[in-house]
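Participant: Questions regarding the structure given below will be posed in turn.
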Amino acid sequence: MSGSTDTGPRSVALVGPYTSGKTTLLEAILFATGAIHRKGSAKEGNTVGDASPEARDRRMSTEINVATTTYLGDVLTFLDCPGSIEFWQDGANALMGADAAVVVCEPEADKAIMMMPVLRRLSDMGLPHFIFVNKMDRASGPVGDLVTALQEAAEKPLVPRQLPIVDGEAVTGYVDLPSLRAFAYKPGAASEPRDIPGDMADDVARARYEMLEKLADFDDTLMEQLLEDVDPERDAAYDHLSAITRDGHVAPILFGMAEQGAGVTRLLKALRHEAPAANAAAERAGVEPGGEPLVQILKSVNTQHGGKLSVARVWRGRVADGMTLGDERVAGLFRLLGRQTDKLTEAVAGDIVGLGRLERAVAGATLSPSKDVAQLPRAPVPQPVYALAMTAADRNDEVKVSGAVTKLMDEDPSLRFEHEDDTNQWLLWGQGEMHLRVAADRLRNRSGLSVKVERPKVPYKEAIRKGISQHARYKKQTGGHGQFGDVHVDIKPLPRGSGFQFDDKVVGGAVPRQFIPAVEAGVQDFLGKGPLGFPVVDLSVTLTDGQHHSVDSSELAFKTAGRMAMLEGLPKCDPVLLEPILHVDISAPSELTSRVNGVVSSRRGQILGFDARPGWQGWDILSAQLPQSEMHDLIIEIRSLTSGVGTFTWKFDRLQELHGRLADEVVETYAAG
Ligand SMILES: Nc1nc2c(ncn2[C@@H]2O[C@H](COP(=O)(O)OP(=O)(O)OP(=O)(O)O)[C@@H](O)[C@H]2O)c(=O)[nH]1
Ligand SMILES: [Mg+2]
51 MSGSTDTGPR
61 SVALVGPYTS
71 GKTTLLEAIL
81 FATGAIHRKG
91 SAKEGNTVGD
101 ASPEARDRRM
111 STEINVATTT
121 YLGDVLTFLD
131 CPGSIEFWQD
141 GANALMGADA
151 AVVVCEPEAD
161 KAIMMMPVLR
171 RLSDMGLPHF
181 IFVNKMDRAS
191 GPVGDLVTAL
201 QEAAEKPLVP
211 RQLPIVDGEA
221 VTGYVDLPSL
231 RAFAYKPGAA
241 SEPRDIPGDM
251 ADDVARARYE
261 MLEKLADFDD
271 TLMEQLLEDV
281 DPERDAAYDH
291 LSAITRDGHV
301 APILFGMAEQ
311 GAGVTRLLKA
321 LRHEAPAANA
331 AAERAGVEPG
341 GEPLVQILKS
351 VNTQHGGKLS
361 VARVWRGRVA
371 DGMTLGDERV
381 AGLFRLLGRQ
391 TDKLTEAVAG
401 DIVGLGRLER
411 AVAGATLSPS
421 KDVAQLPRAP
431 VPQPVYALAM
441 TAADRNDEVK
451 VSGAVTKLMD
461 EDPSLRFEHE
471 DDTNQWLLWG
481 QGEMHLRVAA
491 DRLRNRSGLS
501 VKVERPKVPY
511 KEAIRKGISQ
521 HARYKKQTGG
531 HGQFGDVHVD
541 IKPLPRGSGF
551 QFDDKVVGGA
561 VPRQFIPAVE
571 AGVQDFLGKG
581 PLGFPVVDLS
591 VTLTDGQHHS
601 VDSSELAFKT
611 AGRMAMLEGL
621 PKCDPVLLEP
631 ILHVDISAPS
641 ELTSRVNGVV
651 SSRRGQILGF
661 DARPGWQGWD
671 ILSAQLPQSE
681 MHDLIIEIRS
691 LTSGVGTFTW
701 KFDRLQELHG
711 RLADEVVETY
721 AAG
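Numbering (our numbering) for the sequence shown: 51 to 723.
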């Protein structure tokens with residue numbers, strides 16, 4: 051068999067929709083390659099992956115699992131990525147350090163749509179990939195339909211390189227198309243050769259020809275052979291497949307059952323021969339060959355006891371324990387097997403290793419012995435789409451909580467923690483409710499900090515619709531030196547977006563110069579909370595006249611008079627509630643756009659139109675305007691309508707008047723706290 055295997059260490063990302071079996075496949079791979087001697091299962095919660103309390107509690111991956119093993123002398127590191135779209139960032143960061151990816155999916159044609167975002171990303175990155183159709187024990191319906199559905203979801207031509215052997219209801223093995231050999235699955239062991247079932251001969255011949263035809267699009271020699279009706283030999287067929295897959299032109303499809311370990315050895319062989327060597331990824335990332343050692347941090351974890359551990363891809367040179375990277379010393383170099391760390395003395399290009407105690411390392415950072423090294427591209431960070439207001443359960447912990455959240459953001463750039471001044475709430479922003487709840491769990495599990503979360507308040511505002519003139523006098527005579535300030539102001543509405551404007555038209559020193567700023571301060575003070583209970587915007591206040599007293603007038607007196615003028619005047623100005631309206635661009639597969647329309651309408655949204663999503667065939671972008679109060683769980687509904695693939699981006703558009711029952715409800719609810 052051809053295809054060089056002297057490639058050095060390589061890394062393979064396991065990606066694909068949630069619960070497709072990635073972590074189970076990792077376990078099966080580690081077992082098949084002898085890295086572990088007892089196979090755990092997702093159901094029992096004792097796999098190498100998903101060992102964190104957050105993952106165990108939910109029986110799903112909430113972050114990447116990293117495990118290095120050796121197969122026939124080749125070092126392979128697997129990066130098992132969470133399938134949930136909410137934890138996508140961790141996987142996206144890991145993909146930056148992968149040489150190839152295996153997209154694990156389920157055998158149902160109607161779930162193929164869930165593969166679109168990940169297949170799109172792989173093709174954008176130019177990352178060679180394989181499709182592993184898992185859970186073949188649950189397969190129903192013809193394989194041909196599944197392949198068609200997968201191809202519709204895929205960017206690259208997909209090449210089925212196996213044909214499952216079906217016995218009654220059960221899938222019992224497969225025919226390997228390049229070699230035309232058949233294998234029977236053996237639970238927990240490598241498959242055994244068997245004969246091709248007689249009734250499959252025609253299907254096999256056709257499938258093999260179709261495979262070669264697809265490969266021939268990228269290979270002139272093969273094209274000539276096919277045109278001349280020459281069937282390429284087994285080795286030649288492998289060579290074509292390997293070269294074309296390695297270059298990322300096509301993605302082969304393999305089948306199996308991770309839980310039974312079926313199809314795992316064939317997958318490993320495919321990776322061994324068809325995954326590119328580490329230098330291909332280095333070239334793609336823009337790493338110059340030669341020069342000092344270079345690593346990129348794929349993930350950093352602040353463990354509760356062992357200090358910080360960073361998962362890094364070595365891009366160039368040799369990395370040793372004790373070496374300086376950035377301006378910190380590597381304290382511990384490890385080979386990783388889930389949570390288990392084994393000391394290493396050295397790592398080379400292509401390795402994925404653990405680096406101890408690089409306190410300033412953050413996901414995506416590029417490090418070398420020199421301090422200021424050019425940074426390699428980082429994974430894109432999606433805009434947050436969901437927020438919860440967060441407070442420390444114990445008020446004394448507030449500073450600690452914000453410190454601990456900052457550390458979480460170092461690990462996960464898709465989290466954000468921001469103060470909303472209008473509502474005076476700290477908001478934790480991310481990709482969905484589970485994302486944020488896991489973050490809250492991490493605070494508890496790692497830092498012993500307990501937090502409370504709630505639905506964020508909407509930053510409503512209020513404005514006025516009528517102008518008036520108002521007089522206010524503050525006067526106090528309490529023996530000795532009293533207080534006196536007297537003002538006349540004109541209050542007028544301004545157009546939307548103008549904010550607040552203060553003018554003074556006082557003549558003849560009726561209000562002495564030095565007290566005018568105090569009047570303004572008093573007015574401003576009141577604007578923080580208007581008659582309806584919200585910050586007041588879009589108005590002008592003009593100081594037109596006033597009176598003062600040579601002894602009793604003071605800044606405080608005029609400030610109070612300014613406040614009083616507003617307190618008495620604003621309710622007479624016909625106050626109105628303003629609600630923030632956001633511009634939202636929702637992207638979803640075109641066949642679901644009408645349902646998305648329905649969601650927007652049911653949320654008081656206004657549809658502006660839709661367009662094809664650039665670069666995403668078969669997808670639309672729907673532009674709409676939605677009240678912010680209707681946005682809180684929008685992502686949840688969009689995802690549930692679109693098998694999890696729909697997304698949106700948003701930005702503030704404007705403030706808009708809100709009247710009637712809805713406005714009354716808002717005023718009541720917020721007044722009640
Ligand atoms: N029937 C069947 N079930 C399987 C197979 N492989 C995995 N499963 C089950 O599928 C479920 C999900 O498995 P995981 O390995 O956790 O899936 P995952 O893709 O890592 O899930 P996320 O990390 O949450 O995206 C578990 O209940 C597994 O036991 C298989 O070959 N056949
Ligand atoms: Mg998993």
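Each residue gets a CB set at the ideal place from its N, CA and C atoms; glycine is no exception.
In this text, all values refer to a predicted model and were calculated from it rather than measured experimentally.
Assign Ile725 to one of three DSSP states: helix, strand, or coil.
Facilitator: Because the chain is modelled from 51 through 723, residue 725 falls outside the range shown and cannot be assessed.
Participant: For the region 290-335, list the alpha helix (DSSP H) runs that are entirely contained and at least 4 residues long, ordered along the chain.
Facilitator: 314-324 and 328-335
Participant: If we ignore side chains and look at the alpha-carbon of each, how far apart do Ser61 and Asp252 end up?
Facilitator: For this step, residue 61 is matched to residue 11 along the sequence shown. For this step, residue 252 is matched to residue 202 along the sequence shown. Taking the straight line joining both Cα atoms gives about 38 Å.
Participant: For Val380 versus Met373, is the C-beta distance shorter than 8 Å?
Facilitator: Within the sequence shown, numbered from 1, the residue matching residue 380 stands at position 330. Within the sequence shown, numbered from 1, the residue matching residue 373 stands at position 323. Yes, Cβ-Cβ distance for Val380 and Met373 is below 8 Å.
Participant: Any residues whose CB sits closer than 5 Å to a heavy atom of ligand 2? List them in chain order?
Facilitator: Lys72, Thr73 and Ser111
Participant: Ordered along the chain, which non-local residues of its own chain (more than five positions away) have a Cβ less than 6 Å from that of Pro237?
Facilitator: If you number the sequence shown from 1, residue 237 lands on position 187. Same-chain partners within the cutoff: Gln310.
Participant: Assign Ser102 to buried or exposed, taking buried as 16 or more other Cβ atoms, counted over all protein chains shown, within 10 Å of its Cβ.
Facilitator: The sequence position of residue 102 within the sequence shown is 52, counting from 1. Buried, since its Cβ has 16 or more Cβ neighbours within 10 Å.
Participant: Please determine, among Ala240, Met261, Ala239 and Leu230, the residue with the shortest C-alpha to C-alpha distance to Ile246.
Facilitator: For the purposes of this step, residue 246 is taken as the residue at position 196 of the sequence shown. Of the candidates Ala240, Met261, Ala239 and Leu230, the one whose C-alpha sits nearest the C-alpha of Ile246 is Leu230.
Participant: Can Lys89 be considered in contact with ligand 1, in the sense that its beta carbon sits closer than 7 Å to one or more heavy atoms?
Facilitator: On the sequence shown, residue 89 is found 39 positions in, with the first residue counted as 1. It does not: the Cβ of Lys89 is nowhere closer than 7 Å to a heavy atom of ligand 1.
Participant: So the candidates are Gly133, Thr74 and Ser548; which of them puts its Cα closest to the Cα of Glu94?
Facilitator: To locate residue 94, count along the sequence shown from 1; it is residue 44. Here the closest residue by C-alpha is Thr74.
Participant: Please identify the residue among Glu77, Ile135, Leu64 and Thr118 whose C-alpha is closest to the C-alpha of Gly696.
Facilitator: Translated into the one-based positions of the sequence shown, residue 696 becomes position 646. Cα-wise, what sits closest to Gly696 is Ile135.
Participant: Which runs of the alpha helix (DSSP H), 4 residues or longer, sit entirely within the region 621-671?
Facilitator: 643-652
Participant: Figure out for me which residue from His531, Arg515 and Gly535 has the closest Cα to the Cα of Arg523.
Facilitator: Against the sequence shown, residue 523 aligns to sequence position 473. Residue Gly535 is the option with its Cα nearest to Arg523.
Participant: Identify every run of the alpha helix (DSSP H) within the region 670-713, keeping only runs that are complete inside it and at least 4 residues long; order them along the chain.
Facilitator: 684-691
Participant: So, Ile86 versus Leu318, is the Cβ gap smaller than 8 Å?
Facilitator: Position 36 of the sequence shown, counted from the start, is the residue given in the question as residue 86. Position 268 of the sequence shown, counted from the start, is the residue given in the question as residue 318. In this structure, Leu318 does not lie closer than 8 Å to Ile86 by Cβ.
Participant: Return the chain-ordered list of same chain residues with a C-beta closer than 8 Å to the C-beta of Leu691, the five sequence neighbours on each side being excluded.
Facilitator: Taking the sequence shown and counting its residues from 1, one reaches residue 691 at position 641. Cβ neighbours of Leu691 beyond the five flanking positions: Ala638, Leu642, Arg645, Val646 and Val649.
Participant: Considering only their Cβ atoms, is the gap separating Gly532 from Val569 smaller than 8 Å?
Facilitator: Indexing the sequence shown from 1 puts residue 569 at position 519. Indexing the sequence shown from 1 puts residue 532 at position 482. The answer is no: Cβ separation not under 8 Å.
Participant: Beta carbon of Tyr224: closer than 7 Å to some heavy atom of ligand 1?
Facilitator: Reading the sequence shown from its first residue, position 174 is the one you call residue 224. No, ligand 1 has no heavy atom inside 7 Å of this Cβ.
Participant: Going by the CB atoms, is the gap between Leu486 and Leu438 shorter than 8 Å?
Facilitator: Along the sequence shown, read from residue 1 onward, the residue named residue 438 stands at position 388. Along the sequence shown, read from residue 1 onward, the residue named residue 486 stands at position 436. Closer than 8 Å, so yes.
Participant: Do you know offhand how far Phe233's Cα is from Val225's?
Facilitator: Locating residue 233 in the sequence shown gives position 183, counting from the first residue. Locating residue 225 in the sequence shown gives position 175, counting from the first residue. Cα to Cα, the separation comes out at about 6 Å.
Participant: Is any non-hydrogen atom of ligand 1 found closer than 7 Å to the C-beta of Lys185, if you look at the structure I gave you?
Facilitator: Counting from one through the sequence shown, the residue named residue 185 turns up at place 135. Checking every heavy atom of ligand 1 against the Cβ of Lys185, one is found closer than 7 Å.
Participant: In terms of DSSP beta bridges, what is Lys525 paired with?
Facilitator: Numbered from 1 along the sequence shown, position 475 holds the residue referred to as residue 525. Beta-bridge pairing links Lys525 to Phe534.
Participant: Can the beta-carbon of Asp588 be found closer than 8 Å to that of Ala513?
Facilitator: In the sequence shown, the residue the question calls residue 588 occupies position 538. In the sequence shown, the residue the question calls residue 513 occupies position 463. For Asp588 and Ala513, yes; Cβs fall inside 8 Å.
Participant: Based on the DSSP output, what are the partners of Lys502 in its beta bridges?
Facilitator: Your numbering for residue 502 matches position 452 in the sequence shown. Beta-bridge pairing by DSSP links Lys502 to Thr441.
Participant: For the beta strand (DSSP E) containing Val351, list its first residue and its last residue.
Facilitator: As a working note, residue 351 is residue 301 in the sequence shown. Leu344 to Asn352 is the span of the beta strand (DSSP E), which, as asked, contains Val351.
Participant: Secondary structure at Asn96, three-state DSSP: helix, strand or coil?
Facilitator: For the purposes of this step, residue 96 is identified with residue 46 of the sequence shown, where counting begins at 1. Note: Asn96 maps to coil in three-state DSSP.
Participant: Sorted by chain position, which residues of the same chain lie with C-beta nearer than 8 Å to Lys358's C-beta, five sequence neighbours on each side aside?
Facilitator: On the sequence shown, residue 358 is found 308 positions in, with the first residue counted as 1. Excluding positions up to five away in sequence, the list reads Ser350, Val351, Asn352, Gly406, Arg407, Leu408, Glu409 and Ala411.
Participant: Taking one C-beta from the region 287-302 and one from the region 260-267 each time, how about it: are there three or more such pairs within less than 8 Å?
Facilitator: yes
Participant: Return the CA-CA distance between Val398 and Gly665, expressed in angstroms with no decimal places.
Facilitator: Here residue 398 refers to the residue found at position 348 when the sequence shown is read from its first residue. Here residue 665 refers to the residue found at position 615 when the sequence shown is read from its first residue. Taking the straight line joining both Cα atoms gives about 37 Å.
Participant: Examine ligand 1 and report whether any of its heavy atoms sits within less than 7 Å of the Cβ of Pro132.
Facilitator: On the sequence shown, position 82 is the one that residue 132 refers to. Yes, since a heavy atom of ligand 1 falls inside the 7 Å radius drawn around the Cβ of Pro132.
Participant: Between Thr119 and Thr97, is the Cβ-Cβ spacing less than 8 Å?
Facilitator: Walking along the sequence shown from the start, residue 119 turns up at place 69. Walking along the sequence shown from the start, residue 97 turns up at place 47. The Cβ atoms of Thr119 and Thr97 do not sit closer than 8 Å to each other.
Participant: Could you check whether Pro343 and Pro419 sit closer than 8 Å to each other, using their CB atoms as the reference points?
Facilitator: In the sequence shown, counting from the first residue as 1, residue 419 sits at position 369. In the sequence shown, counting from the first residue as 1, residue 343 sits at position 293. A contact, by the Cβ cut-off of 8 Å.
Participant: Under a three-way DSSP split, which group does Gln433 fall into?
Facilitator: By one-based count along the sequence shown, residue 433 stands at place 383. Note: Gln433 maps to coil in three-state DSSP.
Participant: Let's test the definition: count the other Cβ atoms within 10 Å of the Cβ of Asn143 and tell me whether it reaches 16, buried, or not, exposed.
Facilitator: Position 93 of the sequence shown, counted from the start, is the residue given in the question as residue 143. Buried.
Participant: As a quick exercise: from Ser190, Leu227 and Ala239, pick the residue whose alpha carbon is nearest that of Asp217.
Facilitator: Here residue 217 is taken as the residue at index 167 of the sequence shown, counted from 1. Nearest C-alpha to Asp217: Ser190.
Participant: When you measure from the CB of Glu707 to every non-hydrogen atom of ligand 1, does any distance come out below 7 Å?
Facilitator: For the purposes of this step, residue 707 is taken as the residue at position 657 of the sequence shown. Not under cutoff, so the answer is no.
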